[in-house]
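Contents: one structure, followed by commentary.
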Amino acid sequence: MGAPLQLSSEVNMHVLTKTLVSIHNQFGYSSIQYFDWFLDDCLASFGRKITNPPPESCIPVLFELGKQYAEMVIEADPFSDLLGLVYMELGSEYGKKRMGQFFTPDAVSTMCAEMTAPYSLTEPDRLHTLLEPASGAGSMLLVYVRVWLSRFHRVDNLGVYAVDLDSLCARMTALQLLSNCLVHPYDLGEIVVYQGNALADPDCWCRIVLATLPAHFERSDERVSAITPQLAKAQIDRVSTSEDQLGLFA
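Remember, my numbering sits 29 above the position in the sequence shown when you count from 1.
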């Protein structure tokens, strides 16, 4: 049995939230719009192309937001959910709820992860898979990774797969997973995030992130068909194509 899970440390998320609130309507753009650009800007540092670039006048603000987020990730325990709390505070501040969202509280996510994560592995070096069909900001995934880490002291044998209908949520999930792997000394075996309806045809999904440890390239067909059968062949091809990978594990 692994060591008991330690709850994430207290992190001052109010700095990022206050900044976003303070720039509401600056240059005519809402805090949510700045948050949207912030996610794209951070993901661009991992190699994802920006399809909706912000105005040049907003770039210094986005740089400051990115700096504040990086400091939050460094300060927090590995795989803590930071952006979900910031996003929910923004929604509360302006009385807006996108798609009726209310993210899972950390205590509930922890309980679910503690109950479902295994205590032993018959094949410890095989890539084990975790799929979240409605990821939100990635809270359930992040907590599960923390539990996995506390029990096995590694996460390179865990592949994390996420889908969410909301593009903002899908990008929050992707950024939180990638940034934790970058800042903390733990590399997930694979990170795959899609924006789309988990109940609809996967061919209609839009890929946000695909990042795989080189050690798992040859094993792609072993787990993909069990996760999203309709995407198996296409995903195997993508995983095997190095230029389609993000720069995280280069």
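Cβ atoms here follow ideal geometry from the backbone N, Cα and C, with glycine treated the same way.
Pull the bridge partners of residue i from the DSSP assignment, please.
i: Q224; result: D193, C235
i: E219; result: G188, T241
i: V158; result: Note that residue 158 corresponds to Thr in the displayed sequence, not to Val. G188, per the DSSP bridge assignment.
Just how far apart, CA to CA, sit residue i and residue j?
i: F170; j: K47; result: Checking the sequence shown, residue 170 turns out to be Leu, not Phe. Their backbone Cα atoms lie some 26 Å apart in a straight line.
i: E219; j: L211; result: 13 Å
i: R252; j: D195; result: Only weak support is given to the placement of R252: the predicted model assigns it a pLDDT of 44, under 50, and the value that follows is read from those uncertain coordinates. When rounded, the distance between both Cα atoms is 26 Å.
i: L207; j: L119; result: 23 Å
i: F132; j: P243; result: 33 Å
i: A240; j: V221; result: 7 Å
i: H182; j: P147; result: 13 Å
i: V174; j: Y190; result: 12 Å
i: L111; j: M101; result: 8 Å
i: Y63; j: H53; result: 8 Å
i: S51; j: Q97; result: 14 Å
i: T202; j: G76; result: 16 Å
i: I61; j: I237; result: 19 Å
i: T139; j: V44; result: 25 Å
With DSSP collapsed to three states, give me the class of residue i.
i: H43; result: helix
i: R252; result: In this predicted model, R252 has a pLDDT of only 44, less than 50, meaning its place in the structure is not dependable; the value taken from the coordinates is given anyway. Residue state, collapsed to three classes: helix.
i: Y58; result: strand
i: D230; result: coil
i: L111; result: coil
i: T145; result: helix
i: E152; result: coil
i: G95; result: helix
i: I52; result: coil
i: S89; result: Sequence check: residue 89 is Pro here, not Ser. If DSSP states are grouped into helix, strand and coil, P89 belongs with the helices.
i: L167; result: The sequence given here has Gly at residue 167, not Leu. G167: coil per DSSP, three-state reduction.
i: D69; result: helix
i: N81; result: coil
i: S74; result: coil
i: D106; result: coil
i: R175; result: helix
Within 10 Å of its beta-carbon, does residue i have 16 or more other beta-carbons around it, so buried, or fewer, so exposed?
i: S86; result: exposed
i: L197; result: buried
i: L228; result: exposed
i: L150; result: exposed
i: F56; result: exposed
i: L260; result: With a pLDDT of 43 at L260, under the threshold of 50, the predicted position of this residue should be treated as unreliable, though the coordinate-derived value follows. It counts as buried.
i: N209; result: buried
i: V137; result: exposed
i: P83; result: buried
i: D20; result: No answer is possible for residue 20: the residues shown for the chain start at 30 and end at 279.
Handout entry: Stretch-stretch touch, CB-based, cutoff 8 Å, three pairs: the region 64-74 with the region 88-97
Key = yes
Problem - Inter-stretch contact at 8 Å, needing at least 3 Cβ pairs: the region 148-168 / the region 180-190 - result: yes
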